[in-house]
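Residues in the sequence shown are numbered consecutively from 99, following the numbering used here. For each residue, glycine too, the CB sits at the ideal point set by N, CA and C. For clarity, every value in this text was computed on a predicted model and none was experimentally measured. Step one of this worksheet: look at the structure below.
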Amino acid sequence: MLALYVILGVFGALILFMLLRTIFTKKPTLAAPDGNDYGLDKDVLASHLQQAVQIPTVSMVGKYAENTQAFYDFRAFLEKTYPNVNRIAERTIINGFSIVYHVKGKNPDLKPGAFLAHQDVVPAPAEGWDYPPFGGEIHDGYIYGRGAADMKGQLIATIEGMEYLLSTGWTPERDVYICFGHDEEPMASREGAPKIVEWLKSQNIELEFVIDEGGAVLDGSLLGINSLVGMVGTCEKGYCDYTLTCEKAGGHASNPARPSNLYLLSKAICNLEKHPMPAKWTPVTKETFKVLAPHMKFAFKFLMVNRDLLGWLIKPVLTMIPITNAILRTTFAPTMVQGSDTPNVLPPKSTANVNCRILTGETVEQVEAHIQKVVGKHVKVSHDLCNNPTPISPTDADSYKKLKGAIETTFDNMLVAPYMFVAGDDARFYVPVCKNIYRFTPFVYTLDDQKRIHALNERSGVDDLKKATVFFINAMKAMC
Numbered sequence: 099m100l101a102l103y104v105i106l107g108v109f110g111a112l113i114l115f116m117l118l119r120t121i122f123t124k125k126p127t128l129a130a131p132d133g134n135d136y137g138l139d140k141d142v143l144a145s146h147l148q149q150a151v152q153i154p155t156v157s158m159v160g161k162y163a164e165n166t167q168a169f170y171d172f173r174a175f176l177e178k179t180y181p182n183v184n185r186i187a188e189r190t191i192i193n194g195f196s197i198v199y200h201v202k203g204k205n206p207d208l209k210p211g212a213f214l215a216h217q218d219v220v221p222a223p224a225e226g227w228d229y230p231p232f233g234g235e236i237h238d239g240y241i242y243g244r245g246a247a248d249m250k251g252q253l254i255a256t257i258e259g260m261e262y263l264l265s266t267g268w269t270p271e272r273d274v275y276i277c278f279g280h281d282e283e284p285m286a287s288r289e290g291a292p293k294i295v296e297w298l299k300s301q302n303i304e305l306e307f308v309i310d311e312g313g314a315v316l317d318g319s320l321l322g323i324n325s326l327v328g329m330v331g332t333c334e335k336g337y338c339d340y341t342l343t344c345e346k347a348g349g350h351a352s353n354p355a356r357p358s359n360l361y362l363l364s365k366a367i368c369n370l371e372k373h374p375m376p377a378k379w380t381p382v383t384k385e386t387f388k389v390l391a392p393h394m395k396f397a398f399k400f401l402m403v404n405r406d407l408l409g410w411l412i413k414p415v416l417t418m419i420p421i422t423n424a425i426l427r428t429t430f431a432p433t434m435v436q437g438s439d440t441p442n443v444l445p446p447k448s449t450a451n452v453n454c455r456i457l458t459g460e461t462v463e464q465v466e467a468h469i470q471k472v473v474g475k476h477v478k479v480s481h482d483l484c485n486n487p488t489p490i491s492p493t494d495a496d497s498y499k500k501l502k503g504a505i506e507t508t509f510d511n512m513l514v515a516p517y518m519f520v521a522g523d524d525a526r527f528y529v530p531v532c533k534n535i536y537r538f539t540p541f542v543y544t545l546d547d548q549k550r551i552h553a554l555n556e557r558s559g560v561d562d563l564k565k566a567t568v569f570f571i572n573a574m575k576a577m578c
C-alpha cells in the first residue's frame, strides 16, 4: 500500500510540475508592424506578375529541352519592366540563362547579401484548369497561372522591392546580389544555382546571408495559435531517390513462378510503410516548438512545453499528421513502379522508386542501410544523385534577427518561428559560400493554396503580392 501512495505522490508531483511549468511559460508580446506600404500600386504589381506568368518558362529538361526562347523572353521582360535595376545593377548571365544582378554597397568591408528566386516552372497541361495555365488571368483578387505561387510571385516581389528602393536613390551599406536561377524544379539538374555558386566562388565572394523561398505565412489557428505564423526555414531536409530492384526469371504469365519479383517488390514497399525511420526531436524542431508553445492554447501549450516528458505521447500523434510527420522523421514516398511492358509476360526485373526526404542529422548512407534491412535480401537498393541535409543556420545571427524584424514590421499580428524546410530549393547549393541561409516565402497561404502548387489552378493573391513586395523593401533596408 505504501508503494502505491509513493507512486501516486510522485505522479501528482509530476503533474503539478508540468502544470506550473505551463502556467509560468509566458507569451511574449508580438511586435507591431509600421504600416508603411510605400505607396505601391497593387494593380501595377499584379500586371507585372501577370506578364511574368504569361511567359511559359517550363524547365528545359525532357520534352521541354528546347524551351530556350521563353527564358530569353523572360529576360527581355525584366529588362523592360525594371529600368532602375537594369541601369544601376551590374548584370551577369550565368550558363546562358541564370541571371545575377549586383548592386554595389557603400562599405566594401561588409560581406554581401543575396536574395534568390528561380525563373523556371513545372509543366502545366491545359486540361482541368479553370483558367488558362499561362494566361495570368485575375479573378476574385487572385492571379491564376503556373508559377504564380512557385515562384514568380516571389521573384517579382524581390525585384520590385529593389526597383522601388533604387528609384528613391537608396544605396545599400553592403553589396547585394539578386540571383535568378533557371532550373530549380528538376531536382537532378545542376545548370542554374550550382553554376551561380561556382561563379561566386571564382570571384572569391562569401555571402553574409542568403534569402530564398520556403516556409510561408500560415494561419496559426491550425496550431492553436491566435496569430499568423511566419515559418523561416533554417535548414533543409536531404533528398534522395532510392531504386529498389528485384530480379527473378521471367516467362509466360500462363505458367507463373511463385513468388514473382513484383510480389517481392510490393512486399518490400509495404514493409517500408510498416517500418519507417524513427521519429526524432531535432535541434531545429525543438526550437520551433519552443517558440510556438507559449502562444498556443492551454492544451497544446501543456503538451509542447512538456514535450521532453511527454514525447512518448506527442510523437505518435504528430506522426499521424503528414505535415508534422515530415519534420520529425525521414519520409519514404514510393512514386514509380516498373515491371513488364507486356500484360502476359512476367518481367525478369522489376523496379520501384522511393523518394526520400532525409531528416537533419541523418545521412544518405544511413537511410539506405535502413531501407536495405527492411526490404530484405531479395531486393537490391541503390541510388544515384542525392543531397544530404543542409547545416542548421543560426537564429542568434544578426541576419536572422534582422530578417525576423522585417517580417514583424510587414505583417500584423505575426509570430516568427524557425523550422526545418521539408522540400528542396536552390538555397542548399549556397552552403559553400554562406553560413546564414534562410528560407521564407512572404505570402499568406491557406491549405487550399498550398495544394494548388504544382497542381491545377495555382494562384497568388493580388493583396499578398503587394504585401510581399513591402516585405522585400523592409528586408533589404534592414539587412543590406
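Subject >> Minimum length 4: unbroken alpha helix (DSSP H) runs contained in the stretch 254–327 >> reply: Runs found: 291–300.
Subject >> Simplified DSSP state of Met402, which is helix, strand or coil >> reply: Note: Met402 maps to helix in three-state DSSP.
Subject >> Straight-line gap, Lys365 to Val473 (C-alpha atoms, nearest Å) >> reply: If you take the alpha carbons of Lys365 and Val473, they lie about 8 Å apart.
Original post:
Start and end of the beta strand (DSSP E) containing Lys478?
Top reply: Looking at the DSSP string, the run of the beta strand (DSSP E) that includes Lys478 is 478–485.
Subject >> Whole alpha helix (DSSP H) elements within the stretch 415–464, 4-residue minimum >> reply: Counting whole runs of 4 or more residues, the stretch 415–464 contains the alpha helix (DSSP H) stretches 420–423.
Original post:
Is Met249 closer than 9 Å to Met574 when the C-beta atoms are compared?
Top reply: The answer is no: Cβ separation not under 9 Å.
Original post:
Near Leu298, which residues of its chain fall below 7 Å by C-beta distance, leaving aside the five closest residues on each side in sequence?
Top reply: Around Leu298: Val531.
Original post:
Using 8 Å as the Cβ pair cut-off and three pairs as the minimum, do the stretch 506–516 and the stretch 472–489 touch?
Top reply: The answer is no - the stretch 472–489 does not touch the stretch 506–516, with fewer than three Cβ pairs under 8 Å.
Original post:
Are Asn534 and Val308 touching if we call contact CB-CB under 9 Å?
Top reply: Contact: yes.
Original post:
For Ala215, does the three-state DSSP call read helix, strand or coil?
Top reply: Correct three-state label for Ala215: strand.
Original post:
Straight-line CA distance for Gly559 to Cys333?
Top reply: One C-alpha to the other measures close to 27 Å.
**OP:** Could you check the C-alpha separation between Ile294 and Ile241 for me, to the nearest Å?
**Re:** Looking at the two C-alpha atoms, the distance is approximately 30 Å.
**OP:** Pick helix, strand or coil for Tyr180, following the three-state DSSP scheme.
**Re:** DSSP places Tyr180 in coil when its eight states are reduced to three.
Subject >> Exposure of Thr507, with buried meaning 16 or more beta-carbon neighbours within 10 Å >> reply: So Thr507 ends up on the buried side.
Original post:
Where Ala291 and Ile113 are concerned, what is the direct C-alpha to C-alpha distance, given to the nearest angstrom?
Top reply: Their backbone Cα atoms lie some 52 Å apart in a straight line.
**OP:** List the endpoints of the continuous beta strand (DSSP E) containing Phe519.
**Re:** DSSP places Phe519 in the uninterrupted beta strand (DSSP E) bounded by 512–519.
Subject >> Residue span of the alpha helix (DSSP H) that contains Tyr242, given as start and end >> reply: Segment 240–242 is the beta strand (DSSP E) holding Tyr242; no alpha helix (DSSP H) there.
**OP:** Determine the direct distance from the alpha carbon of Tyr517 to that of Gly409, and round the result to whole angstroms.
**Re:** Rounded to whole angstroms, the separation of the alpha carbons of Tyr517 and Gly409 is 18 Å.
Subject >> Leu362 - containing alpha helix (DSSP H), residue span >> reply: Here the alpha helix (DSSP H) through Leu362 covers 359–372.
Original post:
Is the CB-CB distance between Ser212 and Leu305 below 9 Å?
Top reply: Looking at the sequence provided, one finds Ala at residue 212 rather than Ser. Their beta carbons are under 9 Å apart, which means Ala212 touches Leu305 by this criterion.
Original post:
DSSP three-state call for Ser196: helix, strand or coil?
Top reply: Residue state, collapsed to three classes: strand.
Original post:
Does DSSP put Ser558 in a helix, a strand or coil?
Top reply: Strand at Ser558.
Original post:
Is it buried or exposed for Ala553, if we count other Cβ within 10 angstroms and need 16 for buried?
Top reply: Under this definition Ala553 is an exposed residue.
**OP:** Have a look at Leu253 and Pro540 and give me their C-alpha separation to the nearest angstrom.
**Re:** Taking the straight line from one Cα to the other gives about 11 Å.
Subject >> Residues near Ala246 in its chain [Cβ-Cβ closer than 6 Å; skip 5 each side] >> reply: Taken in chain order, the residues that qualify are Val151, Glu556, Arg557, Ser558.
Original post:
Would you say Ala467 reaches chain C, if we count a Cβ-Cβ gap shorter than 9 Å as a contact?
Top reply: This model lacks chain C altogether; it includes just one protein chain.
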